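So the sequence shown is residues 0 to 341, counted in my numbering. Shown next, in structure tokens, is the structure this report addresses.
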Amino acid sequence: MKRKTKTTRSKKKKSKKTQTSPLLKSIIFVLVLVIIGLGAFLGKLVYEKNQAQKELVKTKNTLTELKKKVTKLEKELKEKPKPTPTKPTHSEIADYKEASKVIMPPPPPKEEKPKPKVTKPILTNKPKLVIIIDDVSFSSHVRAIKSMPFKITPSFFPPNKMHPNTPIYAKEFKDYMVHVPMEAISWNKPELHTLKTTSTYLEIYETISKIKKEFPKVKFINNHTGSKFTSDLASMKKLFRVLEIENMGFVDSRTTPNSKAKEAQKSYNIPMYSRNIFIDNEENISYIHNQLRKAVRIAQKRGFAIAIGHPHKITFQALRSAKNILKNVEVVTIDELYKSKN
């Protein structure tokens, strides 16, 4: 009986061992999977950490290179000698000085033609003086001109991104002009849409036609710089042909002693005048007053004169205090001068 019991117990133990063996295998399998997964995860973390460190090193190297370049540039700027400050000279004045240095070849001989009769201005008791202020661009210029004790003819730049509101400002005046940029012999700051000697007739027509639409009341234009353009007869003829179509006149700012404006006018029936004097080549009141006295003498001798200035504070200050200098002339706009002649 006892032997049976021992045998039975031995069989039961073997049976239990046989039953638990697959369970242990499963646990071991799961543990192996977990270990593999953790190993892969840790491997990924280590890889990403290494990559991040490489990127960090690369970024640090880039920043170091940039810092070296900035330091080098700063050193070069410090070592570069500062330019000697010079007194700014206005564009038309500088253009005239450069153009005066150019020796133009004499024109070919031409057949003498009878000069057309020039209608003299119908004057009142006093000679006429037109004072044009060029380069009008901003509301401060407009306010200064309107505060003058006599009539000033403002000449507005065509609108561009630097001064977009000039057509709006022009509406505040009965009479005004447009200051059209033209090619200079030597000027390194040309305005946008400058007329050039290489401009075709169509390009000139489109430019002037656009100006006429933007400034519908304009009767006269004058040139901004333009020493090269106005000394080229073919270019001036193209311009005058357009002005005749648009029923506009021309005031020659005379930025060159070699202007072909008068010669071009012989081919086209447009009203044309020429500047007699710049009033603010030097920006001081005494000089400007002296130039105005010269303009008055020219007007008294010829019946009228045209003076051109610029929207400097000192120019406006000098004009406000020039009433006594101008007492013997009638200061009129360019439109009024033209009407007095026709």
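From the three backbone atoms N, C-alpha and C, an ideal C-beta is built for every residue, glycine too. Here the structure is a predicted model, which means the values were calculated and not measured.
Residues bridged to residue i [DSSP beta-bridge criterion]
i	result
Thr224	Met181
Ile131	Thr152, Ile307
Leu194	Met181
Tyr272	Val250
Leu330	Just to set this straight, residue 330 is Val in the shown sequence, not Leu. Its beta-bridge partners are Leu128.
Met176	Ser154, Phe219
Euclidean distance between Cα positions of residue i and residue j
i	j	result
Asn342	Gly248	Coverage of the chain is limited to positions 0 through 341, which leaves residue 342 absent and any answer about it impossible.
His311	Pro157	19 Å
Asn323	His288	10 Å
Leu354	Lys43	Absent from the model: residue 354. The displayed extent of the chain is 0 to 341, so no value can be given.
Lys114	Ser138	Legend: pLDDT at Lys114 = 46, less than 50; position of this residue unreliable, no value from coordinates given.
Ser285	Gln299	21 Å
Ser266	Ile130	28 Å
Lys68	Leu62	10 Å
Glu75	Thr197	40 Å
Gln52	Ser25	40 Å
Asn341	Asp251	20 Å
Gly308	Tyr168	19 Å
Ile305	Lys77	49 Å
Ile207	Ile276	26 Å
Leu32	Lys71	58 Å
Val45	Gly36	14 Å
Asp279	Ser154	16 Å
Met209	Glu64	Here the sequence assigns Lys to residue 209, which means Met is not the residue at that position. For Lys209 and Glu64, the distance between alpha carbons rounds to 52 Å.
Gly38	Lys59	31 Å
Val135	Glu73	39 Å
Ser295	Leu325	Note that residue 295 is Val in the sequence shown, not Ser. Looking at the two C-alpha atoms, the distance is approximately 7 Å.
Glu47	Lys57	15 Å
Arg301	Leu291	15 Å
Leu201	Ser234	12 Å
Leu191	Glu205	14 Å
Ala49	Leu55	For the record, residue 49 in the displayed sequence is Asn; it is not Ala. For Asn49 and Leu55, the distance between alpha carbons rounds to 10 Å.
Leu30	Lys66	53 Å
Beta-carbon contacts of residue i that lie in its chain and below 8 Å, excluding the five residues immediately before and after
i	result
Leu232	Lys259, Glu262, Ala263
Glu171	Val141, Lys145
Ile269	Phe239, Leu242, Glu243, Met247, Gly248, Phe249
Lys293	Ile276
Ile297	Asn275, Ile276, Ala304
Glu245	Ile207, Ser208, Lys211
Contacting residues, own chain, Cβ-Cβ under 7 Å from residue i (five flanking each side not counted)
i	result
Ile203	Leu194, Lys237, Leu238, Val241
Thr224	Ser90, Glu91, Asp94, Pro180, Met181, Ala183, Trp186, Thr254
Lys150	Val330, Val331, Thr332
Leu336	Pro120, Lys127, Val129, Phe303
Lys212	none
Pro166	Pro158, Glu213, Phe214
Asp342	As displayed, the chain neither begins before 0 nor continues past 341, which places residue 342 out of reach and without an answer.
Cutoff 6 Å; reference residue i; Cβ partners in own chain excluding five residues on either side
i	result
Glu282	His311, Ile313
Pro148	Lys322
Ala143	Phe315
beta-carbon residue i near the ligand MG non-hydrogen atom, thresh 8 Å
i	result
Lys77	Annotation note on the ligand MG: not contained in the displayed structure, which lists no ligands.
Environment of residue i [buried if 16+ CB atoms lie within 10 Å]
i	result
Met161	exposed
Val328	buried
Tyr272	buried
Phe28	exposed
Ser20	exposed
Arg274	buried
Pro87	Any reading at Pro87 needs caution, since the residue's pLDDT is 44, under 50, leaving its predicted position unreliable; the model's value is listed next. Exposed, because fewer than 16 other Cβ atoms sit within 10 Å of the Cβ of Pro87.
Lys227	buried
Ile132	buried
Thr152	buried
Leu41	exposed
Ser320	exposed
Thr229	buried
**Asked** What are the start and end residues of each continuous beta strand (DSSP E) run of 3 or more residues lying completely inside the segment 274–309, in chain order?
**Response** Runs found: 303–308.
**Request:** Could you name each continuous beta strand (DSSP E) segment of 3 residues or more that falls completely within the segment 203–265, going from the start of the chain to the end?
**Result:** You should have 219–224, 248–251.
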